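Here the protein sequences line up with chains W and F, keeping their order.
Position 484 (the first sequence) corresponds to 484 in my numbering; numbering is contiguous.
Position 12 (the second sequence) corresponds to 1012 in my numbering; numbering is contiguous.
Ideal Cβ placement from N, Cα and C applies to all residues, glycine included.
Predicted model only: the values in this text are computed from it and were never measured.
What follows is one structure encoded as structure tokens, with my remarks underneath.
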Amino acid sequence: MLNIFLVIKLPFLAGLLALLFKSKASRANISLAAFFISLAAAVILYFKPVADVSLDLIGGYSLSIGLTRLSWLVLVFINLFGLLTCFYSHSREHESRGYFSYLLWLVAFSSLAVFARDFITLIFAWGAVLVLLYALLSLGPGYSAKKALSIVGLADFALVLGICIYVAVTKNTMMPQGSAVLINTPLLWASFLLMLSGALAKAGCGPFHTWIPTASESASVEVMAILPASLDKLLGIYLLAKICLDFFILNHLAMALLLLFGASTITFAVMMALIQHDLRKLLSYHAISQVGYMVLGFGTGNPIGIAAGLFHMINNAIYKSGLFLTAGAVGERKNTFELERLGALASFMPVTFACGLIFSLSISGIPPLNGFASKWMIYQGALLGLFNASSKLLRFAFIVSLVSAMFGSALTLASFVKVIHAVFLGQDNSSDRKKVREVPFNMRIPLIILAALCIVLGLFWSPFVSKFIGPYLGGDLSYLGNWNSVFAAVFLAGGILLGLLLAAAGRIKKSFRTDGYFVGCEKTDEEFNFPATEFYRSVEEAPSVRLAYKALKSEPLDLYNLVKAALNVFSRAFYIFVDRLIYFLTNLAGYFVLGLSYLFRKMHTGVLDLYLAFCLAGLVVLLFVLMK
Amino acid sequence: MTSVFLTITVPVLGAFVLAALPKRFKPGFALAVLAATFLSALSILPGALSGKASALSINFTSWFSFSLASDGLAVFMACVSSFVALLICAYSLEYMSHYEDRGRFYFWTVLFVGSMMGLIFSANLMLMYCFWELTAVCSWRLIGFYRGEEHTKAADRAFLVTFFGASLLLAGIVLTYINYGTLEFSLLKGAALPNIAAFLLLGGIIAKSAQLPLQTWLPDAGVAPSPVTALLHAAVLVKIGVYAFARIFSSTFIASPLFLNSVIALSVITILIAAGSALVENNIKRVLAYSTISQLGYIILALAIGTKFAFLIALLYIFAHSLAKAGLFLCAGIIEHKTNTKDIDLLGGLMKSMPLTACAYLLCAFSIIGIAPLFGFWPKFLLILETLREGHIAAGILAVIGALFTLFYLFRLFDKVFLGEEKIKVFEEKNSPMVYVVVTLGVLSLLCGILIKPVSDILTRLVGC
């Protein structure tokens, strides 16, 4: 019980306490202490598991929390990212007094979401995370917070509806464990699709992704690092795991749907990332693209693929938050995120460069880093699925997803070659070209920890997966091929060392001739510069993909604008054809009464002859009725 | 029973004493009377929690008696209404301070609360009708407070539409009397109400609670001063219809499935149409008025579901909506007070000068939308769940779509009023009682959401679910 208190209630209460302090340092220190204790408590929970705790609510419903192996893993990483982001933010300027409190509450409610053993607790925590997403994004300028709230809110309502249908069908508000249901009725299909929308939107998968690039332009990098890059991914994919493993038994159609969702997300997002010139926006598209791999992993339906999806969730959160924090470090020193105005930072910021390089290689799936390990597992899962596919649709989906995954990986590498070149190598393109210093200690440490995790999880992926993910899937994972990462790492390190020695030898004794630039008949001292932003210009302009890019960049096709347009059409129709019509009819009734009154008034003229005429007419009518 | 009697007589008599007082004492006295009313209602709570329902009856004829009863439902409504009315009165001390004729406002407000209390504790259908009409008169005078042509028209419209509804209600009461020979709730308990009588009674209820097709008076009533609109829309007037539905169809009679299904259909249509209309309007008070119509649709839906749990959800909804909607209307009042406009196209960027109001608005808006951990989340979520569990799949789905509309129209309002470029320069908010009141309502919406367990425990004990 104490550990549960420390993991959920302590950050929540610390958030309230932090609000009371005026000094930024005090707020940061309180937050740091709370995060540290809560992370330690989360780790201890592995050794001292706690029993489920239940609190009766109303009408027989209750709030229940408990911990499974998977939720423990997610819990630890949620707290770790909270701690690192807080540490990173320690020396940074934040205008809002609420920033650290929002961070603490975000971690507290995210922890509650993974602790949830019943649907009500899950939705409660989910809603609170949405509010905090809005609060954190509101700290920046622009309309990204509103856009995020609209899109994620839409998906959250879909999730609520999906869960309500599920509960109505299964008559149980507790999250099932080992009693998943077949998707065999329209209601269960609706429930599956609605819940899937909620999970995918939280993870930032297409078509619910459009708020992320918008947010990247205005939100601080810490917010991007903790929300779309890490916590949102962890929560969204955690829920996806629950949907695919605990709530439903996936059939071929559902698997194909997930595979195609994953494949399309990988492809379109990486293509968009390739043409971005703003570092944060580029990273945000990669954050979306990587979700595609995780979804694809779940779509395979086999243990390797699902384990790969979960492992990729952890890996992606590590290197993607690392990349955002790297971007933050660059932005801190250069005050810009425009690739065209950056360059040559490697020598000034060696630690940031080294960490950024590791993250870039990891996301590109270069061995022996963690990104490679999980992608390697995803390919195996997809291949296994392809071999065992029993329907044409599924076979087609597997082929498409395999091609997309490999294509996406290649384009990710291409994109990060551009990033590394534009930010750290090449020449300094900033207007002032001033020398910069490495970022402060508190900003470097999170980068180093995350980079170290990329290496450690890359080297020891197999024991990690079998120890922490395998048990949740209920058994040993048998791989198609063997990949000894430690062995490979030794060879790779040897190769790199040899290369460095050769380079050093070359520097000592120049064995090749170097010439200056020669244009026409004149020698020039000016260095020719090929900006990194021009790297893939030809791709964007290629006739075969130009149309696709046009569609992807199209504002009206943005889900936010589509939903807004649809709601506007319906609301105008409701307003004009119902509300105003009723208003008109009410007025008409009023005018009718007034008209009658006018008529009666006019009849009362005081002329006796007229009254006698009325009496006569009345008698005639009476006579007629009686005679009839 | 003394407390029940005091809860009604203190505001009713207080209103007349207030009318005789010098001008400068009126606001303070009105606040004191409403505070006493709230405390008096609160003092009945322990008895109701322990299941002791007290009753008083003075019979006049077979169809009319002065019968009062204090069961859980009545005590709950009395506490919520008087509490929100008290907060609104505290707010109006500053809001109405520059109006020469504010004594008239306080008189009608206090009398209004008194008649609401009378209606709540009525144990006879005819007595309830009398207080029902008294509230109509009070609201007519309050809506037309400014006495301009536009205000008079809006007040007349409200009075005529609700009077039309009240006529239907009266016809329903007559039919009930013809069928059962009594109008005492205690004697009618468990009786099956004929459909014609049920639909006639419903006519009165939907007029008072501004449900389709008798909803048009409520958006027009926004011409009244903001405390009045908050009182009408959030705490008292529109809740009368809902309370009457709960009292007549959930606690007394057994309604037919045809009737209940019709009400479910009507409430869902109201939710959607009103929410859609809110998305079109540009007048801040009209948007909130349509929002009220839509949210009342949810409450009626919960009551029409017909299960005991749905009844409890409806009460939770009433509480959550009263707090949050009063907060929203009072926020709108502060905005109107500072900028002299209700047109959201002319507003913008108020977040910088009015951060507390903006935060209070956000908390209340989140609650109305139904986003956790705010109070409004619980009844909305549980209602959707219960609707689907009871097999009303289409109603459940449409209720979620209605919630989505709510998200969009309330954030459109927030976006246009508080974000973006500052279009009208206003003084920063400082030590204003009006701001304290809206912040209190926002914080209460948050606290009740987080502390849902004790809140729901009290409600469960009150209504015995």
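Could you confirm whether any beta carbon from chain F is found closer than 8 Å to the beta carbon of D579(W)? Numbered from its first residue, the first sequence carries residue 579(W) at position 579. Interface residue, yes.
Rounded to a whole number of angstroms, what is the C-alpha to C-alpha distance between L83(W) and A34(W)? Within the first sequence, numbered from 1, the residue matching residue 83(W) stands at position 83. Within the first sequence, numbered from 1, the residue matching residue 34(W) stands at position 34. Each residue's alpha carbon lies about 9 Å from the other.
Where do the ends of the alpha helix (DSSP H) carrying N370(W) lie? As a position in the first sequence, residue 370(W) is number 370, starting the count at 1. First-last of the alpha helix (DSSP H) with N370(W): 370-388.
Does any CB atom of chain B fall closer than 8 Å to the CB of A168(W)? Within the model displayed, chain B is absent; protein chains W and F are what it includes.
Is R1389(F) close to chain W? Criterion is C-beta to C-beta, closer than 8 Å. As a working mapping, residue 1389(F) is identified with position 389 in the second sequence. Cβ-Cβ to chain W under 8 Å: yes for R1389(F).
For P440(W), which residues of its own chain have a beta-carbon under 6 Å away from its beta-carbon, when the five flanking residues on both sides are left out? As a working note, residue 440(W) is residue 440 in the first sequence. Excluding positions up to five away in sequence, the list reads S91.
Any idea if V569(W) is buried or exposed, counting beta-carbon neighbours within 10 angstroms, 16 or more meaning buried? Walking along the first sequence from the start, residue 569(W) turns up at place 569. Answer is exposed; the Cβ neighbour count stays below 16.
Could one say the Cβ of S633(W) lies closer than 8 Å to chain F's Cβ atoms, at least one of them? Outside the shown range of chain W, which is 1 to 628, sits residue 633(W), and nothing can be said about it.
Going by alpha carbons, who is nearest to K564(W) out of P1373(F), T1162(F), R1412(F)? Position 564 of the first sequence, counting from 1, holds the residue named residue 564(W). Minimum Cα distance to K564(W) is reached at R1412(F).
Identify the contact partners of P1373(F) in chain W, using a Cβ-Cβ distance below 7 Å as the criterion. The count along the second sequence starts at 1 and reaches residue 1373(F) at position 373. Correct list: F124, G127, A128.
May I have the straight-line CA-CA distance separating A344(W) from M175(W), to the nearest angstrom? The residue you call residue 344(W) lines up with position 344 of the first sequence. The residue you call residue 175(W) lines up with position 175 of the first sequence. Straight-line Cα distance between these residues: approximately 52 Å.
Where DSSP assigns a beta bridge to L1475(F), which residues make up the other side? As displayed, chain F neither begins before 1001 nor continues past 1465, which places residue 1475(F) out of reach and without an answer.
Cβ-based burial, S31(W) [other Cβ within 10 Å; buried from 16]: Your numbering for residue 31(W) matches position 31 in the first sequence. S31(W) should be labelled buried.
Where DSSP assigns a beta bridge to D432(W), which residues make up the other side? Position 432 of the first sequence, counting from 1, holds the residue named residue 432(W). According to DSSP, which records beta bridges pairwise, D432(W) is partnered with nothing at all.
For E1184(F), which beta-bridge partners are listed by DSSP? Numbered from its first residue, the second sequence carries residue 1184(F) at position 184. Looking at the DSSP assignment, E1184(F) forms a beta bridge with N1124(F).
Using a Cβ-Cβ distance cut-off of 8 Å, determine whether F1163(F) contacts chain W. Walking along the second sequence from the start, residue 1163(F) turns up at place 163. No, F1163(F) lies away from the interface with chain W (no Cβ there is under 8 Å from its Cβ).
Mind listing which residues of the region 1398-1411 of chain F have their C-beta closer than 7 Å to chain W's C-betas, in chain order? V1400, A1403, L1404, F1405, L1407, F1408, F1411
List the residues of chain F that Y583(W) touches, going by C-beta distances under 8 Å, in chain order. Residue 583(W) sits at position 583 when you count from the first residue of the first sequence. Simply T1216.
For T336(W) and T1339(F), the rounded distance between their alpha carbons: In the second sequence, the residue the question calls residue 1339(F) occupies position 339. In the first sequence, the residue the question calls residue 336(W) occupies position 336. Taking the straight line from one Cα to the other gives about 38 Å.
Going by the beta-carbon positions, is the gap between A1158(F) and A1230(F) smaller than 8 Å? In the second sequence, counting from the first residue as 1, residue 1158(F) sits at position 158. In the second sequence, counting from the first residue as 1, residue 1230(F) sits at position 230. Cβ atoms of A1158(F) and A1230(F): not closer than 8 Å.
Does any C-beta atom of chain W lie closer than 8 Å to the C-beta of I1300(F)? For the purposes of this step, residue 1300(F) is taken as the residue at position 300 of the second sequence. Not an interface residue.
Which same chain residues, not among the five before or five after D331(W), have their C-beta less than 6 Å away from its C-beta? Position 331 of the first sequence, counted from the first residue, corresponds to residue 331(W). A small fix is needed here, since residue 331(W) is Gly in this sequence, not Asp. In the same chain as G331(W), and ignoring 5 residues on each side of it, the C-beta atoms closer than 6 Å to its own belong to F337, in chain order.
Under 7 Å between beta-carbons, which chain F residues line up against G635(W)? List them in chain order, please. No answer is possible for residue 635(W): it lies beyond the span of chain W, which begins at 1 and ends at 628.
Are A1123(F) and A1069(F) closer than 8 Å when you measure CB to CB? Indexing the second sequence from 1 puts residue 1123(F) at position 123. Indexing the second sequence from 1 puts residue 1069(F) at position 69. Yes.
Taking 8 Å as the CB-CB limit, is D1343(F) close to chain W? As a working note, residue 1343(F) is residue 343 in the second sequence. Taking Cβ atoms only, chain W never reaches closer than 8 Å to D1343(F), which makes this a no.
Is the CB of T85(W) under 8 Å away from at least one CB in chain F? To locate residue 85(W), count along the first sequence from 1; it is residue 85. It does not; no Cβ of chain F falls within 8 Å.
Can you round the beta-carbon distance between L279(W) and V423(W) to whole angstroms, since I take them to be within the 8 Å contact cut? To locate residue 279(W), count along the first sequence from 1; it is residue 279. To locate residue 423(W), count along the first sequence from 1; it is residue 423. The Cβ separation is near 7 Å, so the contact holds.
What residue ranges within the region 12-71 of chain W form continuous beta strand (DSSP E) runs of no fewer than 3 residues, ordered along the chain? 53-56, 62-65
Count the other CB atoms, across all protein chains shown, that sit within 10 Å of the CB of I576(W); report buried if there are 16 or more and exposed otherwise. Here residue 576(W) refers to the residue found at position 576 of the first sequence. So I576(W) counts as exposed.
Could you please give me the residues that DSSP links to L182(W) through a beta bridge? Reading the first sequence from its first residue, position 182 is the one you call residue 182(W). According to DSSP, L182(W) bridges with I249(W).
Looking only at its chain, what residues have a beta carbon closer than 6 Å to the beta carbon of L182(W), apart from the 5 residues adjacent to it on each side? Counting from one through the first sequence, the residue named residue 182(W) turns up at place 182. Cβ neighbours of L182(W) beyond the five flanking positions: I249.
Mapping the DSSP letters down to three states, classify N1283(F) as helix, strand or coil. Residue mapping note: residue 1283(F) aligns to position 283 of the second sequence, counting from 1. Three-state DSSP puts N1283(F) in a strand.
Enumerate in chain order the residues of its own chain whose CB-to-CB distance from L1346(F) is below 8 Å, with the five nearest sequence positions on each side excluded. Translated into positions along the second sequence, residue 1346(F) becomes position 346. Within the same chain, L1346(F) has close Cβ partners T1339, K1423, I1424.
Check for me: the alpha helix (DSSP H) holding C454(W) runs from which residue to which? Position 454 of the first sequence, counting from 1, holds the residue named residue 454(W). Counting along the chain, the alpha helix (DSSP H) containing C454(W) begins and ends at 441-459.
So, are the CB atoms of L200(W) and G236(W) less than 8 Å apart? Within the first sequence, the letter at position 200 stands for residue 200(W). Within the first sequence, the letter at position 236 stands for residue 236(W). Contact: yes.
Look at A135(W) and G204(W) and say whether their C-beta atoms are less than 8 Å apart. On the first sequence, position 135 is the one that residue 135(W) refers to. On the first sequence, position 204 is the one that residue 204(W) refers to. Not closer than 8 Å, so no.
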